[in-house]
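Numbers in this note's numbering are just positions in the sequence shown, counted from 1, shifted up by 324.
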Amino acid sequence: MMRYIVYIKSIFIKNVFLSDEGEVLINWCSDSNDIGFFYIEHGHYEEGLSMLNKCLETQKRSLPDDHPSLVATYSHITLGLSKLHRYSEAFDIGMKAFDIATKQLGDEHEQTCYLRAMLKLIADQMELH
Numbered sequence: 325m326m327r328y329i330v331y332i333k334s335i336f337i338k339n340v341f342l343s344d345e346g347e348v349l350i351n352w353c354s355d356s357n358d359i360g361f362f363y364i365e366h367g368h369y370e371e372g373l374s375m376l377n378k379c380l381e382t383q384k385r386s387l388p389d390d391h392p393s394l395v396a397t398y399s400h401i402t403l404g405l406s407k408l409h410r411y412s413e414a415f416d417i418g419m420k421a422f423d424i425a426t427k428q429l430g431d432e433h434e435q436t437c438y439l440r441a442m443l444k445l446i447a448d449q450m451e452l453h
């Protein structure tokens, strides 16, 4: 797994330094989002959340509040927070993702349906704790 992380980081660095200036932000956020999700999926929750939060900060500075690109970042942060049993925070962030997804992608979009199911699971966990 460590080799894979090094490989992903090298792709990230290559994209940042070899892209045209206008594309750097897009590549950086896309790569950060992918790497952050990879970390979360492999149990490195804090590292993943750190990357995702940096990506989110950049996206918030450069995109409208309801831009569809925010859905993936918010979704990945929601997943990481729920894995850390921070259900209240996860639910709040997940609702932001769900609201954007519903508005921008529609009720039946795959991402909207995924978020609806994830929010239900988080709400169930909140009731148990």
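Ideal Cβ placement from N, Cα and C applies to all residues, glycine included. Quick caveat: nothing in here was measured; it's all calculated off a predicted structure.
Check, Outcome
"CB contact flag (residue 413, residue 403, <8 Å)", "no"
"Cβ neighbours of residue 427 in the same chain (closer than 8 Å, five flanking residues each side left out)", "390"
"Residue range of the unbroken alpha helix (DSSP H) whose run includes residue 432", "Looking at the DSSP string, residue 432 is not in any alpha helix (DSSP H), and its letter there is neither H nor E."
"Beta-carbon proximity of residue 445 to residue 421, cut-off 8 Å", "no"
"Where residue 411 sits in the DSSP three-state scheme", "helix"
"Sub-8 Å separation of residue 363 and residue 408 beta-carbons", "no"
"Reduced DSSP category for residue 423 - H, G, I as helix; E, B as strand; rest coil", "helix"
"Environment of residue 441 [buried if 16+ CB atoms lie within 10 Å]", "exposed"
"Member of 434, 353, 448 and 396 whose CA lies at the smallest distance from the CA of residue 410", "448"
"Residue 375 to residue 382 span [Cα, whole Å]", "11 Å"
"Where residue 416 sits in the DSSP three-state scheme", "helix"
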